[in-house]
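So the sequence shown is numbered by our numbering: it starts at -8 and just counts up by one.
Have a look at the structure below, then the notes.
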Amino acid sequence: MFSLNYLSGYPQALQDSVRHMLEQNMLKTHLLQKYPRIHQVSNDKALRAYTTEIKNQFLKKSAPVGKVVYDEKIHIIHNALGLHSSVQRVQGNKIKSKNEIRIGGIFKKTPEPFLRMIVVHELAHLKEREHNKAFYKLCQHMLPNYHQLEFDLRIYLTYLELHGEIYKPSEQR
């Protein structure tokens, strides 16, 4: 029996479907058919540009993001795909706040829709700190298929945890 830690909040029927695909060795094929290649946003500079483009499209009036980086220290096992924070620094007699977004380094080699979902999630925290109805509404505004991508990402993470890497250079199409 496979452990489906990333899918524990989903209905049993969905979990059973994923479990069946795992047992039949069909999950990798399913993911590769749906998401055949990884993105090209491979460094911090490219990630910042990618994130800024999405922010400028949907959140023009929100506070600027001071730093956007891949962070190898973020472990998805600890329930974090990315982190958002507001860092305060004293400059003279003023306190300056800067928003920072850190994306787990594991996502350097994932399909672009997964990266977009994570970036949208972290950007939504600029306006909504909590995971509430307004937060998810904003995520869906920026990415209409947000919930499907989150589910597919959880399937991908399940496969990764059980079997290892899916996207190897020879499988890039």
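Here a beta-carbon is modelled for each residue, glycine too, at the ideal position from N, C-alpha and C.
Note that the structure is a prediction, hence the values are computed from the model and not measured.
Asked: Secondary structure of Arg107, DSSP reduced to three states; Found: helix
Asked: Met133 classed as buried or exposed, judged by whether at least 16 other C-beta atoms fall within 10 angstroms; Found: buried
Asked: Exposed unless 16 or more other CB atoms sit within 10 angstroms - verdict on Asn90; Found: buried
Asked: Contact under 9 Å by Cβ, Ala54 with Leu117; Found: yes
Asked: Cβ-Cβ distance between Arg107 and Ile65 below 9 Å; Found: no
Asked: Coarse secondary structure for Gln31, derived from DSSP in three states; Found: coil
Asked: 6 Å CB neighbourhood of Gln163 in its chain, flanking five on each side removed; Found: Confidence is the limiting factor: at Gln163 the pLDDT is only 49, short of 50, which leaves the residue's position unreliable, though a coordinate-based value still follows. Only Arg28 meet the Cβ criterion.
Asked: CB-CB length for Tyr150 against Leu23, believed under 8 Å; Found: With 8 Å as the limit, Tyr150 and Leu23 do not qualify as a contact, their Cβ atoms being about 10 Å apart.
Asked: Secondary structure of Glu91, DSSP reduced to three states; Found: strand
Asked: Collapsed DSSP secondary structure at Gly0 in the structure displayed; Found: coil
Asked: Limits of the unbroken beta strand (DSSP E) element including Lys58; Found: Val56 to Asp62
Asked: Nearest-angstrom Cα separation, counted from Gly95 out to Asp62; Found: 5 Å
Asked: Inside the segment 115 to 139 only - alpha helix (DSSP H) runs reaching at least 4 residues; Found: 124 to 133
Asked: Rounded C-alpha distance that separates Phe(-7) from Asn47; Found: 42 Å
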